[in-house]
Every structure is written in C-alpha cells, then in structure tokens.
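A quick write-up on the structure given underneath.
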Amino acid sequence: MQNESTPEIPLAADGRPLEQSLQRALRAQKIRAFLLVVPLLVFVLITFLAPIADMLYRAVDNRIVSETLPRTVEALSDWEESENEPPEEDVFIALYYDLFFAAENKIHTRLGSRLNYQETGMSSLFRRTGRRVDRFDTDELTDAFIDFDPRWEDPTHWITLSEHPEFANQLPETAGVWDDWTQLLIAEEDELSEEEPEDLIYFALYRDLNNIGQPVALMDNWSETVSAAQSFEPVSLREQFADADEDWLLPSVWGTIKRFSPTITDGYLLNAVDMQKTADGIEAQPESRQIYGLLFGRTLFMSLVITISSILLAYPISYFLTSLPMRKANLLLILVLLPFWTSLLVRTSAWKVLLQQQGVINDLLVWVGLVDDANRLVMMNNQTGTIIAMTHILLPFMILPMYSVMRTIPPSYVRAAKSLGATNWTAFWRVYFPQSVPGIGAGSILVFIMAIGYYITPAIVGGTEGIFISNRIAYHISSSLNWGLASALGGILLLAVVILYWLYDKFVGIDNLKLG
Amino acid sequence: MDMNTLPSYASTGEKVWFYGFRVLCGLIFFFLVAPIIVIIPLSFNAQNFFTFTKEMLAFDPAGYSLKHYQDFFTNSDWTGAILNSIRIAPVATLISVSLGTLAAIGLSNPHMPFKRLITAFLISPMIVPLVISAAGMYFFFSRIGLQGTYWGVVLAHAVLGIPFVIITVTATMVGFDRSLTRAAASLGANPITTFWKIQMPLILPGVISGGLFAFITSFDEVVVVLFVGSSAQKTLPWQMFIGLREQISPTILAVATVLVALSILLLTTVELLRRRSERIRGLTPG
Chain A
1 MQNESTPEIP LAADGRPLEQ SLQRALRAQK IRAFLLVVPL LVFVLITFLA
51 PIADMLYRAV DNRIVSETLP RTVEALSDWE ESENEPPEED VFIALYYDLF
101 FAAENKIHTR LGSRLNYQET GMSSLFRRTG RRVDRFDTDE LTDAFIDFDP
151 RWEDPTHWIT LSEHPEFANQ LPETAGVWDD WTQLLIAEED ELSEEEPEDL
201 IYFALYRDLN NIGQPVALMD NWSETVSAAQ SFEPVSLREQ FADADEDWLL
251 PSVWGTIKRF SPTITDGYLL NAVDMQKTAD GIEAQPESRQ IYGLLFGRTL
301 FMSLVITISS ILLAYPISYF LTSLPMRKAN LLLILVLLPF WTSLLVRTSA
351 WKVLLQQQGV INDLLVWVGL VDDANRLVMM NNQTGTIIAM THILLPFMIL
401 PMYSVMRTIP PSYVRAAKSL GATNWTAFWR VYFPQSVPGI GAGSILVFIM
451 AIGYYITPAI VGGTEGIFIS NRIAYHISSS LNWGLASALG GILLLAVVIL
501 YWLYDKFVGI DNLKLG
Chain B
1 MDMNTLPSYA STGEKVWFYG FRVLCGLIFF FLVAPIIVII PLSFNAQNFF
51 TFTKEMLAFD PAGYSLKHYQ DFFTNSDWTG AILNSIRIAP VATLISVSLG
101 TLAAIGLSNP HMPFKRLITA FLISPMIVPL VISAAGMYFF FSRIGLQGTY
151 WGVVLAHAVL GIPFVIITVT ATMVGFDRSL TRAAASLGAN PITTFWKIQM
201 PLILPGVISG GLFAFITSFD EVVVVLFVGS SAQKTLPWQM FIGLREQISP
251 TILAVATVLV ALSILLLTTV ELLRRRSERI RGLTPG
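First to last, the sequence lines map onto chains A and B. According to this note's numbering, the residues represented by the first sequence are 1 to 516, in order. According to this note's numbering, the residues represented by the second sequence are 1 to 286, in order.
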C-alpha cells in the first residue's frame with residue numbers, strides 16, 4: 001500500500017519552509033561576502049587589469065597607418081605588389097594629400113618610425129618627403145589659376161565656393177581637401193578667411209575641373225574657369241615624389257604600406273618571435289636580426305639555472321632547520337628572513353660592490369693567493385653576476401615553502417625505514433625525499449616565475465650578456481619607443497607567467513602562498 | 001634521524017657527515033647574510049673605495065668616517081628622494097590595507113562565490129612581472145592623465161601591495177572562530193560594532209603585517225615608479241638605481257645600511273606580531 005500522507009515540511013520560526021529560509025540566508029551571506037570584495041575588485045580592475053589590457057591591445061594596434069594615410073590606403077586597394085610596378089598616379093595624388101596634412105600635423109615622422117620597424121629606410125623616407133611636400137611643383141597650377149582670375153588668391157573667394165550647396169557633389173576631391181584644410185586651421189586657431197590656401201587645394205580643384213561631367217555653375221564666370229583649367233599644364237605627382245626621394249618608385253615601399261595598412265596587425269608579434277611579414281608571406285628574419293628567440297631562450301635558461309641553484313642551496317638548509325627544535329629553528333630562520341626583508345636595491349648594490357674587480361671578493365682571493373693580482377676575476381656585467389645575485393635574492397622564496405613542507409614530514413617514517421634495514425641513503429632517498437618533493441615544486445615554480453620577469457638586478461649586474469627579456473622590453477618602451485614591439489614581447493612573457501601561475505595554483509594552491 | 005646529537009657510537013663516516021653537513025649549512029647561511037652585513041662596515045669607509053682599506057683592516061680610526069652618511073642626509077638629491085618615498089609609501093599602504101582587509105574578510109567567508117578565481121586575480125599583481133605592470137600602467141595612465149603624477153604612483157604602488165595584505169589577512173582569518181561574531185550579534189551588537197570590537201582585534205596582527213609588507217613593497221619599488229612617475233616623484237630606490245647605473249658613489253652604502261636597519265626593525269615587528277597572533281588564536285602554546 002502506498003502511503004498517501006505528504007511528508008511533513010519543516011517550517012522556520014516565521015512560518016516559511018525551512019529549506020527556503022536557509023537558502024535565503026545563504027544567499028544573503030554570499031552577497032554580503034561578495035560586496036566586501038567588490039571595492040577591491042573594481043580598484044584592481046582599473047589600476048591593474050585595464051593597464052595590462054591596454055598593453056596587450058598595443059601589441060596588435062595598427063590604426064596609425066590608416067589614420068595618417070586614409071586616402072592612400074584606399075587608393076592602394078587596387079594595387080598588387082606582385083606586379084612589381086609602382087602604383088598609378090592616383091595613389092601618388094592620394095599620398096600627396098595625406099602626407100601634406102600629416103606633415104602639417106607633424107605626425108608623418110611617427111608613421112615613418114612605425115613603418116621603419118617593418119622596413120628600414122621608411123623613417124628617413126617620410127622625414128625627407130615630409131619636408132618637401134609643401135614645396136612640390138603644384139604651385140604652377142596655383143599660379144595658373146591666379147593668372148586666370150586674381151580672385152582665386154583671396155581666401156574669401158574659396159569660402160564662397162565652399163558654401164555652394166553643389167560644392168561637394170561637383171568637386172568631390174576639392175571638398176575633401178578643403179574639409180581637412182579648415183580642420184587644420186581650426187586646430188591651429190587660425191582664421192580661415194586670412195590664410196592663403198595651399199597649393200594642394202588648387203591642385204584638387206584642377207583635378208576636379210578636369211574630371212567634371214555636367215558642370216553646374218558654382219560661381220560667376222564658371223564655364224570659362226572650367227575650360228581654362230582644362231588647358232593648364234598637368235603636374236605629375238609621381239615625378240614630384242620621385243624627385244623628393246627615388247625610393248617612392250620602389251614597389252617594396254608601397255608593399256610595406258599596403259601590408260601594414262589594416263588597423264590590427266600581427267607584425268609586432270611576428271617580430272617578437274623573429275619572424276617578419278614580407279611580400280611572399282610570413283618568413284623568418286635574416287639571421288643577423290634574430291635576437292628575441294635568443295633572448296627568450298637565455299631568459300628561460302638563466303631562470304632555470306637560478307632555480308636549480310636555489311634548490312641546491314635551499315634543500316640542505318631547510319632539512320637542517322626541520323631537524324632543529326622549533327625555538328632554535330625560528331632563530332635561524334631570521335637569517336633567511338633578513339635578506340627577504342632587505343631592499344632589493346640594497347642586495348643588488350651589495351653584489352655590485354662585492355663582485356667588482358676591485359671589490360671585496362677579488363681582494364680576498366688575491367690575498368689568499370688563489371687569484372693573481374693581474375688576473376682578477378670578472379664576475380660582473382656578465383651572466384655569472386646575474387646568476388649569483390639573483391640566486392641570493394630569490395633564495396628565501398625557495399627556502400620558505402620548502403621548509404614549511406618539510407616540517408610536516410613525520411620523522412617516524414625515516415626511523416621506520418631504518419629499523420627495517422634501510423641504509424641512511426636509502427631511507428632518505430626512498431622515504432624522505434619523495435615527501436619533500438611538493439616543497440621543491442612549490443619553491444621552484446615561485447622562484448622561476450619571479451626570475452623570468454626580473455629587470456632591476458640584470459640591468460645593474462648583467463652587462464649586455466646577462467640581461468633578460470624584461471630589460472629589452474624596458475629598452476623598447478623608454479629608448480627605442482617601439483611600444484608595439486615592447487607590448488608584443490610583454491604579451492609573450494605574460495603568457496609564460498600566466499601558464500606557470502596556473503600550474504602553481506593547480507599543484508600548490510594560491511591559498512598556500514605564505515609570507516614569512 | 002635526529003641531527004642534533006651525535007651518538008657516542010657514531011662511526012667516522014657518520015662523524016664526517018655530521019660535521020660536514022653543518023659546515024655546508026653554515027656556508028649557505030653565510031652566503032645569505034654576508035653580502036648584507038659586509039656593506040655595513042664598508043659604509044664607514046673614509047675613502048671613496050668599495051673595499052676594505054689597510055687602515056680599516058687595522059681598525060685605525062682614521063680609516064673610518066661618517067662622511068657618506070653626511071652626504072646622504074645633506075645632499076638634496078637624496079633628501080628629496082627620502083621625502084618622496086615618505087610621501088608615497090604610507091598613502092599607498094593605507095589604500096592597500098583598507099581595501100585589502102575588507103576583501104580578505106569577504107574571501108574568508110565559506111560561502112564566497114568564485115573564491116578561487118577571485119583570489120588568483122587579486123594575487124596576480126605580485127606574480128605578473130613588474131616590467132609588464134609598469135609598461136601597462138605607463139600606457140594606460142597616460143591616457144587618463146595619471147602618468148607622471150603623485151596619485152598615479154600612489155595608486156600603482158597600492159595595487160602592488162594588495163596581494164601581501166590579502167595573503168597575510170586571510171592567513172589570520174583561517175583560525176578565526178566565527179561563533180564569536182554570532183555571539184556578539186546575539187548579544188545585540190550590530191555588524192559594524194562586531195567588526196571593530198570582535199573581529200578587528202583578532203585579525204589586527206595580520207592586518208599590521210600586511211600593511212608592513214605593503215609599505216616595504218612601495219618603499220622598495222623601483223620599476224613601476226620609473227615608468228609611472230616623473231622626476232617630481234623620484235623615490236629613494238629610484239635615486240639608488242640611478243646611482244648604481246651611472247656614477248656609483250659610496251653614499252649608496254650608507255643608504256643601504258640605513259635601509260638594512262629599517263628592514264631589521266620591520267622584520268622584528270612582523271615576527272613579534274606573528275607570534276602574538278598565533279598565541280591569541282591558540283595555534284601555538286605560549
């Protein structure tokens with residue numbers, strides 16, 4: 001027989017079902033806990049995550065080309081580098097307009113430096129041409145217009161023309177250039193009615209009047225103006241550019257501009273792994289320019305050496321400390337914590353002083369007679385210096401986790417092994433050591449993570465051979481100003497660190513990170 | 001294996017091992033501490049050398065002087081740097097400690113959602129290489145007008161100090177008995193009174209050591225300030241970095257000695273706090 005009575009639902013004091021009531025209380029607790037974390041989350045998002053995201057975006061950001069040369073990028077869409085010919089006249093005209101305004105805004109050199117990262121010579125090409133672009137022979141057309149009708153010299157005449165409702169329809173190129181011109185004057189706080197229009201505006205008008213289909217009279221005397229303009233002597237901008245710099249006739253220059261015209265680029269990331277984007281697709285950099293693979297490799301290798309030296313030095317100490325009674329161990333632990341608490345720069349200065357050729361260590365070695373006074377050891381400004389100083393600096397980060405794991409290994413296991421006939425070595429190697437491996441792992445990941453991102457110590461005692469990838473990143477930010485490449489290198493380093501951090505969390509747990 | 005005593009029946013091999021191992025450990029301890037200790041006497045060198053002079057080794061008073069200290073406390077480069085460090089570090093610490101303590105209390109709640117992920121995220125400023133944080137902050141702070149300002153440096157240092165506060169405060173929260181807050185509530189205390197009267201005194205040692213860590217992080221930080229700061233925010237480590245890269249002058253040894261004294265002071269404080277905290281929470285007897 002089935003029992004038909006429903007099971008009794010336990011009720012809370014307020015008459016609601018107990019389960020519901022408990023869930024509500026739990027939800028309130030969750031919300032309260034979360035609210036306590038929210039202010040810090042927001043703070044870290046703004047002051048830490050947003051900056052990192054900004055940096056990562058810079059590794060692929062390439063808006064500069066299409067923003068500086070909008071017309072050129074569009075005109076180049078029909079041109080293919082594989083034809084091995086410089087582009088048609090219309091591309092040169094587009095470049096003329098773009099470069100003129102870029103030079104007026106003084107941003108052409110920035111674009112030149114950006115493209116120079118991809119192909120050397122671009123920087124000087126843009127700088128040189130930028131100086132010339134407002135003195136092209138297009139002034140012949142300006143003179144021709146003014147000879148035909150002196151009113152063309154007057155800015156107000158142009159303003160009247162630009163106010164005609166058909167202006168943009170009839171004279172599209174002129175209207176575009178005029179727009180940029182007025183914006184330039186506004187930015188420089190100049191009066192539009194007082195500034196003589198530049199040659200390129202006359203040039204644009206000449207082009208429009210020569211391409212005009214059904215002329216609509218925009219001003220008085222218009223049809224005469226149109227036919228006069230059609231009889232003016234044309235100016236070849238291709239020749240003008242070639243005159244300013246022969247390189248403008250090279251298809252490879254145009255190929256570089258075209259390849260790096262999208263707003264997002266993989267160019268920096270490719271450079272960061274010693275690759276480049278050429279006309280034939282992605283290929284390795286020439287061997288003389290492959291430096292980042294070497295630098296990443298060296299950073300990893302040296303971090304590994306530092307980690308291994310730290311293990312070798314930390315293991316005996318941690319083992320020794322665990323064998324001591326708590327009180328003595330705590331006292332000796334202060335010798336580990338003192339370097340941990342001492343300023344990084346103090347420790348680095350100490351090593352700089354100690355490792356010098358006229359420093360304390362060399363003096364001591366000479367005095368003992370191990371080293372000849374004339375052949376003092378070079379221990380600084382090379383990899384040795386970086387490895388010694390960084391091992392010293394990171395050693396506490398190895399000892400502390402190792403020691404805390406070893407403390408938890410019951411000594412009775414080793415005693416049991418020995419009583420069963422194991423030698424000292426077997427007891428250590430088969431019983432004690434395997435239990436201490438988590439400590440080695442925790443310390444190693446921590447030390448390795450800290451080592452691969454180090455900057456200060458290698459910069460001071462590393463010389464040129466002992467520097468890390470971080471030093472190169474800093475160089476690109478503050479000296480070469482190649483921020484895109486710095487960000488790409490930083491992005492790769494960050495990826496490596498995040499993977500290690502994930503491993504650390506998976507195998508050790510962030511909760512187990514202890515200080516002191 | 002008890003390492004402290006050598007039984008009288010120990011073989012020669014065991015004796016060699018016993019003493020050899022101790023000598024080895026002694027050498028490693030020496031490696032840890034000697035570089036820091038050795039700069040202390042060198043900072044009193046009467047000459048502008050970085051090594052012991054004959055007079056110093058003979059304990060001749062003429063070999064020693066306070067001139068590097070005098071330079072440190074009178075040269076405007078150094079005094080300006082000290083002032084900047086003192087203006088930046090405490091404010092950064094205050095921000096880290098207040099936000100970090102609140103968050104650590106939230107994170108210690110057993111019902112906290114996404115606890116692991118959020119903890120990993122909040123600890124990450126300690127893990128991400130400083131050059132990367134510095135580069136990102138340089139770019140981003142330039143966009144929002146904080147680059148080269150006092151507040152830019154303070155906020156950057158505050159976020160670098162956060163992980164230390166989270167780690168130390170959550171560690172003290174581990175042994176925290178939640179029935180105490182329930183007891184306070186049942187006796188009529190509101191949550192704010194409960195926090196200040198019950199919870200805070202118990203986690204205070206953790207909060208203070210977290211604060212000291214955050215302070216030393218800011219006080220010792222050079223990479224981020226190099227990028228985010230301008231010369232008006234030149235801190236002590238920055239000035240030391242310049243000194244080490246360019247013309248290294250023995251004044252730096254005097255600075256280093258003062259900083260070692262400071263770290264000994266901080267270390268002692270943190271050790272005492274840790275013991276006190278363990279004692280109040282009953283983790284260790286005595």
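Glycine included, each C-beta is placed from N, C-alpha and C at the ideal position.
Inter-residue spacing [alpha-carbon to alpha-carbon] between residue i and residue j
i	j	result
V128 of chain B	A496 of chain A	10 Å
Y206 of chain A	I146 of chain A	12 Å
P17 of chain A	V207 of chain B	41 Å
P70 of chain A	V177 of chain A	12 Å
T251 of chain B	R347 of chain A	15 Å
L209 of chain A	V73 of chain A	24 Å
Q276 of chain A	V270 of chain B	52 Å
M1 of chain A	E8 of chain A	A caution first: M1 of chain A carries a pLDDT of 46, below 50, which makes its placement in the model too unreliable to give a value.
T158 of chain A	P234 of chain A	Strictly speaking, residue 158 of chain A in this sequence is Trp, with Thr absent from that position. Each residue's alpha carbon lies about 22 Å from the other.
P285 of chain B	R58 of chain A	Caution is warranted here: a pLDDT of 43 is assigned to P285 of chain B, below 50, making its placement in the model unreliable, and the coordinate value is therefore given only provisionally. Roughly 55 Å separates the two Cα atoms.
P35 of chain B	K30 of chain A	50 Å
Y150 of chain B	Q356 of chain A	36 Å
S76 of chain B	P155 of chain A	58 Å
G136 of chain B	R143 of chain B	11 Å
A486 of chain A	N471 of chain A	10 Å
R131 of chain A	A103 of chain A	8 Å
A53 of chain A	E246 of chain B	34 Å
A350 of chain A	I264 of chain B	16 Å
S261 of chain A	M122 of chain A	14 Å
R238 of chain A	E153 of chain A	26 Å
G255 of chain A	N84 of chain A	9 Å
Residues near residue i in its chain [Cβ-Cβ closer than 7 Å; skip 5 each side]
i	result
F232 of chain A	L141, A144, Y206
I107 of chain A	T68
V223 of chain B	L130, V131, A134
L187 of chain B	none
F50 of chain B	L42, P250
A314 of chain A	L395, M398, I399, M402, G443
F167 of chain A	L161, A175, L218
T265 of chain A	V60, N62
A389 of chain A	T348, W351, T457, V461
DSSP bridge partner residues for residue i (one or two, in chain order)
i	result
M275 of chain A	A:A284
L11 of chain A	A:P17
D61 of chain A	A:I264
N45 of chain B	B:Y64
Sequence-distant residues of the same chain with beta carbon closer than 6 Å to residue i, five excluded per side
i	result
F136 of chain A	Q240
V431 of chain A	Y413, V414, A417
F340 of chain A	P396
L338 of chain A	none
Beta-carbon contacts of residue i that lie in its chain and below 8 Å, excluding the five residues immediately before and after
i	result
S252 of chain A	E81, E119, A279
T193 of chain B	A184
Minimum Cβ-Cβ distance from residue i to chain D less than 8 Å
i	result
F21 of chain B	Absent from the structure is chain D; the protein chains it does hold are A and B.
Checklist entry - How about the stretch 376 to 389 of chain A and the stretch 447 to 463 of chain A: do they share at least three Cβ pairs that are nearer than 8 Å? => result yes
Item to check | Contact residues within the stretch 107 to 119 of chain B, judged by C-beta distance below 7 Å to chain A | outcome: L107, N109, H111, M112, P113, I118, T119
Item to check | Any 3 or more C-beta pairs closer than 8 Å across the stretch 145 to 159 of chain A and the stretch 291 to 298 of chain A | outcome: no
Next on the checklist: Taking beta-carbon pairs under 9 Å, can you tell me which members of the stretch 125 to 138 of chain B lie near chain A?
Outcome noted: P125, M126, I127, V128, P129, L130, V131, I132, S133, A134, A135, G136, M137, Y138
Checklist entry - Is it true that the stretch 426 to 439 of chain A meets the stretch 401 to 417 of chain A, where meeting means three or more beta-carbon pairs spaced less than 8 Å apart? => result yes
Checklist entry - Do three or more CB pairs link the stretch 230 to 245 of chain B to the stretch 167 to 178 of chain B at distances below 8 Å? => result no
Checklist entry - Is the number of C-beta pairs between the stretch 53 to 70 of chain B and the stretch 115 to 130 of chain B that are closer than 8 Å three or more? => result no
Checklist entry - In chain order, what residues of the stretch 86 to 110 of chain B put their CB closer than 7 Å to some CB of chain A? => result L99, G100, L102, A103, I105, G106, L107, N109
Item to check | Residues from the stretch 105 to 127 of chain A in contact with chain B, defined by Cβ distance under 9 Å | outcome: none
Checklist entry - Contact between the stretch 195 to 215 of chain B and the stretch 159 to 167 of chain B: three or more CB pairs below 8 Å? => result yes
Next on the checklist: Taking contact to mean 3 or more Cβ pairs, one atom from each stretch, closer than 8 Å, check whether the stretch 475 to 482 of chain A and the stretch 106 to 118 of chain B are in contact.
Outcome noted: no
Next on the checklist: Could you check whether the stretch 93 to 102 of chain B touches the stretch 37 to 51 of chain A, counting it as contact only if at least three pairs of C-beta atoms, one from each stretch, sit closer than 8 Å?
Outcome noted: yes
Checklist entry - Relative to chain B, which residues along the stretch 475 to 488 of chain A have a C-beta separation below 8 Å, given in chain order? => result I477, S478, W483, A486, S487
Item to check | Residues, ordered as in the chain, of the stretch 339 to 363 of chain A that lie near chain B by beta-carbon distance below 9 Å | outcome: P339, F340, W341, T342, S343, L344, L345, V346, R347, T348, S349, A350, W351, K352, V353, L354, Q356, Q358, G359, V360, N362, D363
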